[in-house]
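*Asks:* Before anything else, here's the structure in question.
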Amino acid sequence: MYKLIGTVLLLIVVAATYLVVWPVPIEPRVWQAQPPQTLRATGSLAGIRRLAEQIGVGPEGIAVDAQGRLYAGFEDGRVLRFDADGGNTEQLADTGGRPLGLSVGSKDLLVADAIRGLLQVHADGRVVVLSREAEGQAFGFVDDVDQSDADPGIYFSDASTRYGIHDYMIDLLEHGDTGRLLRYNPGTGRTEVLMRGLHFANGVALGPNADYVLVAETAEYRIWRYWLKGERAGTREIFADRLPGFPDNLSFNGRDRFWVALVVPRDPRLDEMAGRPLLRKMVYRVPEFLRPGPRLKSWVLGLDLDGKVVASLEHEGPSPKPYGPITSVEQRGDTLYFGSLTDSALGRISLPGLGAAP
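Under my numbering, the first residue of the sequence shown carries the number 7, and numbering increases by one thereafter.
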């Protein structure tokens, strides 16, 4: 009996020592999480219809062209196009990496590939690497991209120069600040850094007339606005702050609303660890299968042109199972289309009145 007790105590000491002192490759930073906005749901996402089921896994980013066709990139590198109902699947390209955010327009189909960089897909399926680095610093995790006929540039994000897509949770746990907002000039082939020091730079969306560009700073629960034109060109400001979840991809409906995909709700336990780097090191040492998983909730926010939340569409619960986690959202008329990092389908929901003029 005493031998058994001694063995148990020894295991406890070993486990405690491992959790406290075992070396880890991360250096968590001290920060302070601001309390989230209090929002009420303005609509439900329980009726999301699943499209292109089992065609592939992880259609993280979604784009819609002028004909209403859908584009998505999957974890195996394929970029596919679908009809608006998810049918008539057509493979456009295989990037050989991990396509995330997509943008379709006059500059062809643009792909933010987490592994290969900023890509352009031509009509014949050729994949051209437009950019792999900026100002001497290679991309670590290209995340989202946007384009506009009102601006010759291509705008995209590099989530982290320290960690790649397979280690994104480590970057969030560390609260690293190596994210960047970037602009690629097709005329010169040069990429410049517009913003640096971002805590996981994520979604990118150009505003009306490309007067400004928005970028989501996921780990800080906020969205920045960087001015491109006018007297404020070259300056930045917080567009939306204290969001109730982690903002992922962004989109603009072309008129009066930005959409924000909230990939998961905020976790009070994580916020409480913001000022406790030692505790976050201990969490890193815990085997992944023992860590509590995030809540699965379908959730997108609609913001007006001043960054005010004017719509909060949500669904959480066992029946029906929520689609997601949602990582991208696009509006066409009264319909919203969704993408997800881990789901095996695209999503669609029609909300009467959504596309009505204000």
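By construction, the Cβ of each residue, glycine as well, lies at the ideal position given by its N, Cα and C atoms.
Can you give the Cα-Cα distance for Gly123 and Gly103, rounded to whole angstroms?
*Replies:* As a working mapping, residue 123 is identified with position 117 in the sequence shown. As a working mapping, residue 103 is identified with position 97 in the sequence shown. Their Cα atoms are separated by approximately 9 angstroms.
*Asks:* Which of the three DSSP states is assigned to Glu198 in this structure?
*Replies:* Looking up residue 198 in the sequence shown gives position 192. In the structure shown, Glu198 sits in a strand (DSSP, three-state: E or B).
*Asks:* Does the separation of the CB atoms of Lys245 and Leu220 fall below 8 angstroms?
*Replies:* Counted from its first residue, the sequence shown places residue 245 at position 239. Counted from its first residue, the sequence shown places residue 220 at position 214. Just to set this straight, residue 245 is Phe in the shown sequence, not Lys. Going by C-beta atoms, Phe245 is nearer than 8 angstroms to Leu220.
*Asks:* What first and last residue would you give for the beta strand (DSSP E) that runs through Arg87?
*Replies:* Position 81 of the sequence shown, counted from the start, is the residue given in the question as residue 87. Note, Arg87: beta strand (DSSP E), Arg84 to Phe88.
*Asks:* Output the distance between the C-alpha atoms of Leu311 and Arg261, rounded to the nearest integer angstrom.
*Replies:* In the sequence shown, residue 311 corresponds to position 305, counting from 1. In the sequence shown, residue 261 corresponds to position 255, counting from 1. If I take the Cα positions, the gap works out to 9 angstroms.
*Asks:* Rounding to the nearest angstrom, what Cα-Cα distance links Leu302 and Pro293 in this structure?
*Replies:* Residue numbering aside, residue 302 sits at position 296 when the sequence shown is read from its first letter. Residue numbering aside, residue 293 sits at position 287 when the sequence shown is read from its first letter. Going from the Cα of Leu302 to the Cα of Pro293 covers about 21 angstroms.
*Asks:* Determine the DSSP secondary structure at Ala351, reduced to helix, strand or coil.
*Replies:* By one-based count along the sequence shown, residue 351 stands at place 345. It is coil, neither helix nor strand.
*Asks:* Can you tell me the Cα-Cα spacing of Trp28 and Arg291, whole angstroms?
*Replies:* Counting from 1 along the sequence shown, the entry for residue 28 is found at position 22. Counting from 1 along the sequence shown, the entry for residue 291 is found at position 285. No answer about Trp28 holds up, because its pLDDT of 46 lies below 50 and its placement is not dependable.
*Asks:* In the structure shown, what three-state DSSP assignment does Ala216 receive?
*Replies:* Stepping through the sequence shown from its first residue, residue 216 is reached at position 210. The answer is helix: DSSP assigns Ala216 an H, G or I state.
*Asks:* Return the CA-CA distance between Leu188 and Arg242, expressed in angstroms with no decimal places.
*Replies:* In the sequence shown, residue 188 corresponds to position 182, counting from 1. In the sequence shown, residue 242 corresponds to position 236, counting from 1. Those two C-alpha atoms are separated by around 14 angstroms.
*Asks:* Give a yes or no on whether the C-beta atoms belonging to Glu141 and Val199 are separated by under 8 angstroms.
*Replies:* Position 135 of the sequence shown, counted from the first residue, corresponds to residue 141. Position 193 of the sequence shown, counted from the first residue, corresponds to residue 199. It is a contact, given that the beta carbons lie within the stated cut-off.
*Asks:* In whole angstroms, give me the CA-to-CA distance for Asn94 and Arg87.
*Replies:* Counted from its first residue, the sequence shown places residue 94 at position 88. Counted from its first residue, the sequence shown places residue 87 at position 81. If I take the Cα positions, the gap works out to 8 angstroms.
*Asks:* Over what stretch of residues does the beta strand (DSSP E) that includes Pro283 continue unbroken?
*Replies:* By 1-based counting over the sequence shown, the position of residue 283 is 277. Premise fails: Pro283 lies in the alpha helix (DSSP H), Pro283 to Arg291, not in any beta strand (DSSP E).
*Asks:* Taking the C-alpha atoms as reference points, what is the distance between His128 and Ala69?
*Replies:* Reading the sequence shown from its first residue, position 122 is the one you call residue 128. Reading the sequence shown from its first residue, position 63 is the one you call residue 69. So the alpha carbons of these two residues sit roughly 16 angstroms apart.
*Asks:* What three-state label does DSSP hand Arg275 in the structure shown?
*Replies:* Residue 275 sits at position 269 when you count from the first residue of the sequence shown. In this structure, Arg275 counts as helix in the three-state DSSP scheme.
*Asks:* When you compare only the Cα positions, how much space is there between Val4 and Tyr343?
*Replies:* Lying outside 7 to 364, the shown extent of the chain, residue 4 is not represented and no answer is given.
*Asks:* Which residue from Leu360, Tyr77, Phe206 and His205 puts its Cα closest to that of Ser346?
*Replies:* The count along the sequence shown starts at 1 and reaches residue 346 at position 340. Considering only alpha carbons, the answer is Tyr77.
*Asks:* Under a Cβ-count criterion, where at least 16 other Cβ atoms within 10 Å of its own Cβ denotes burial, should Arg138 be classed as buried or exposed?
*Replies:* For the purposes of this step, residue 138 is taken as residue 132 along the sequence shown, with counting starting at 1. Exposed, since its Cβ has fewer than 16 Cβ neighbours within 10 Å.
*Asks:* Which same chain residues end up closer than 7 angstroms to Ser109 when comparing Cβ atoms and leaving out the 5 residues on each side of it in sequence?
*Replies:* Position 103 of the sequence shown holds residue 109. Cβ neighbours of Ser109 beyond the five flanking positions: Ala69, Leu116, Val151, Asp152 and Gln153.
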